[in-house]
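K.L.:
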Amino acid sequence: MTILAIESSCDETAVAIVRDGREILANCILSQIDRHALFGGVVPEIASRMHVEALDPLVDEALSRANMALSDLDAVAVTHGPGLVGALLTGVSYAKALAYALGVPLAAVNHIEGHVSANYLAHPELEPPFACLVASGGHSHVILVERYGAYRLLGQTLDDAAGEAFDKVARVLGIPYPGGPLLDRLAEEGDDGRYRFPHPRTDGPYDFSFSGLKTAVVNRAHNLRQLGEEIVPADFAASFRRAVVDMLVEKSVRAAADLGVKRLAAAGGVAANRLLRRELARRGEAAGLEVFLPPVELCTDNAAMIASAAYYRLLDGEVAGLGLNALPSIRMFD
Ligand code: KG4
Ligand code: ZN
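Numbering-wise (the numbering used here), the sequence shown opens with residue 504 and increments by one.
(1) Roughly how many angstroms separate the alpha carbons of residue 590 and residue 662, rounded to a whole number?
(2) DSSP three-state call for residue 633: helix, strand or coil?
(3) Can you tell me which residues form a DSSP beta bridge with residue 644?
(4) Hey, would you say the C-beta of residue 594 is under 8 Å away from at least one heavy atom of the ligand ZN?
(5) Near residue 736, which residues of its chain fall below 7 Å by C-beta distance, leaving aside the five closest residues on each side in sequence?
(6) Should residue 669 be counted as a contact of the ligand KG4 given a C-beta to heavy atom distance under 8 Å?
(7) Return yes when at least one heavy atom of the ligand ZN lies under 8 Å from the C-beta of residue 614, else no.
(8) Would you kindly check if the distance between the Cβ of residue 576 and the Cβ of residue 520 is under 9 Å?
(9) Are at least three pairs of beta-carbons, each pair with one atom in the segment 618 to 626 and one in the segment 747 to 758, less than 8 Å apart?
(10) Measuring alpha carbon to alpha carbon, tell me which residue in 759, 829, 682 and 738 is nearest residue 776.
(11) Check residue 542 in the structure and name its three-state DSSP category.
(12) Is it a yes or a no for the segment 585 to 602 touching the segment 546 to 556, going by three-plus beta-carbon pairs under 8 Å?
(13) According to the neighbour-count rule (16 or more other Cβ atoms, all chains shown, within 10 Å of its Cβ), is residue 659 buried or exposed?
(14) Per DSSP, residue 613 forms a beta bridge with which residues?
(15) Which partner residues does residue 768 have in the DSSP bridge list?
(16) Flag this pair as yes or no: are the beta carbons of residue 636 and residue 644 separated by less than 9 Å?
(17) Out of 540, 548 and 601, point me to the one whose CA is closest to residue 518's CA.
(18) Of the residues 562, 616 and 529, which one's Cα is nearest the Cα of residue 802?
(19) Quick check: the segment 773 to 787 against the segment 822 to 829, are at least 3 beta-carbon pairs closer than 8 Å?
(20) Output yes or no for whether 9 Å exceeds the beta carbon distance between residue 759 and residue 790.
(21) Take residue 558 and list the residues in its own chain whose beta-carbon comes closer than 8 Å to its own, dropping the five residues that flank it on each side.
(22) Beta-carbon within less than 6 Å of residue 744's beta-carbon, same chain only, minus the 5 sequence neighbours each way: which residues are those?
(23) Straight-line CA distance for residue 507 to residue 798?
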């Protein structure tokens, strides 16, 4: 089954063509970051307009890279939420029109489920059950993938998402948008022992909390500045990154080990973090787990992951109707 998927939930317009949920034939991404950077963050209206302009040429590009015609497609998939409503609507409308015109089934995919499915593209041998840490700009979850398309929530953030904390602390350090990846790069040269930040505790054994850490970090920066002390940005970034990564790794490794699943995967933009990748591999393997990490380009937003998730939905007979709407606040767990 050859699926063309569209992802337009935030500031990346992405179109991909994937065969049987596992094999990427084309994976095209047009990042809008340069445009939004002028404003220090994503401007929803600009995002929608840029998606509208980019979708048609990107579909053409994906077809040409896959060496295919529209008539070779067996299904169309699209992210219908969560995300920015206007941005989502551009992709949903495009996908509906395309599926209708081609007379092929349409699949609606939850963006977070898409992130998890990036692992199927990167690791052909990976099958459920496995535990997965999902950490992005809006979500931080530890989940159990019981079967394709069937998920159990094990733990989650009680307040901010990990990516949100990265972006906020980056801003305090004067690192331009998008903060997370640049802070990560800066932290590589820093001493993570110079500034000690709290490692917050939570009641749930697999839950996270980042708002206390974020506030402590922001306050420390203000205090140091008031005292006229110079902040060493690389050390500050490294110390903060260490605290976030320790919490993400500790909880997800513990969840997988307690459940007795032998496999732990990671997904979402924060899974691109260099320290997180090293520590998940090291501590996961020390706990007897096989650790799966998608390559960085499949951790951040892309449409190939949406096509993979759609494949397993369609195999289950889950076809979306042409009444499909964008669901900006849809949740994966209630
Ligand atoms: O999954 P994603 O691309 O979009 C959402 O669905 O949110 O995740 C974006 C988030 C942003 O908060 C970004 O700062 C963060 O992932 N991120 C990183 C890194 N790369 C992206 N955070 C830390 N280290 C990175 N290398
Ligand atoms: Zn995402």
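Glycine included, each C-beta is placed from N, C-alpha and C at the ideal position.
P.N.:
Judging by the given coordinates:
(1) In the sequence shown, the residue the question calls residue 590 occupies position 87. In the sequence shown, the residue the question calls residue 662 occupies position 159. Computed Cα separation, rounded: 25 Å.
(2) Numbered from its first residue, the sequence shown carries residue 633 at position 130. Looking at residue 633 - three-state DSSP - the assignment turns out to be strand.
(3) Your numbering for residue 644 matches position 141 in the sequence shown. Note: residue 644 sits in a beta bridge opposite 637 and 659.
(4) Translated into positions along the sequence shown, residue 594 becomes position 91. Residue 594 Cβ: outside cutoff for every heavy atom of the ligand ZN.
(5) Your numbering for residue 736 matches position 233 in the sequence shown. Answer for residue 736: 676 and 689, listed in chain order.
(6) Start at 1 with the first residue of the sequence shown, and residue 669 comes out as number 166. For the ligand KG4, at least one heavy atom lies less than 8 Å from the Cβ of residue 669.
(7) Numbered from its first residue, the sequence shown carries residue 614 at position 111. The answer is yes for residue 614.
(8) Your numbering for residue 520 matches position 17 in the sequence shown. Your numbering for residue 576 matches position 73 in the sequence shown. Yes, the pair counts as a contact, with Cβ atoms nearer than the cut-off.
(9) no
(10) Here residue 776 refers to the residue found at position 273 of the sequence shown. Out of 759, 829, 682 and 738, 682 has the C-alpha closest to the C-alpha of residue 776.
(11) Your numbering for residue 542 matches position 39 in the sequence shown. Coil, per DSSP.
(12) yes
(13) Locating residue 659 in the sequence shown gives position 156, counting from the first residue. It counts as buried.
(14) By one-based count along the sequence shown, residue 613 stands at place 110. BP columns for residue 613 point to 584.
(15) Counted from its first residue, the sequence shown places residue 768 at position 265. According to DSSP, residue 768 bridges with 635 and 795.
(16) Here residue 636 refers to the residue found at position 133 of the sequence shown. Here residue 644 refers to the residue found at position 141 of the sequence shown. Yes, these two residues count as a Cβ contact at 9 Å.
(17) Position 15 of the sequence shown, counted from the first residue, corresponds to residue 518. It is 601 whose Cα lies nearest to the Cα of residue 518.
(18) Walking along the sequence shown from the start, residue 802 turns up at place 299. Looking at the Cα atoms, 616 is the closest of the given residues.
(19) no
(20) Walking along the sequence shown from the start, residue 759 turns up at place 256. Walking along the sequence shown from the start, residue 790 turns up at place 287. In this structure, residue 790 lies closer than 9 Å to residue 759 by Cβ.
(21) Within the sequence shown, numbered from 1, the residue matching residue 558 stands at position 55. These residues qualify, in order along the chain: 509, 511, 516, 518, 593, 594 and 597.
(22) Here residue 744 is taken as the residue at index 241 of the sequence shown, counted from 1. The answer, listed in chain order, is 690 and 778.
(23) Along the sequence shown, read from residue 1 onward, the residue named residue 507 stands at position 4. Along the sequence shown, read from residue 1 onward, the residue named residue 798 stands at position 295. Each residue's alpha carbon lies about 21 Å from the other.
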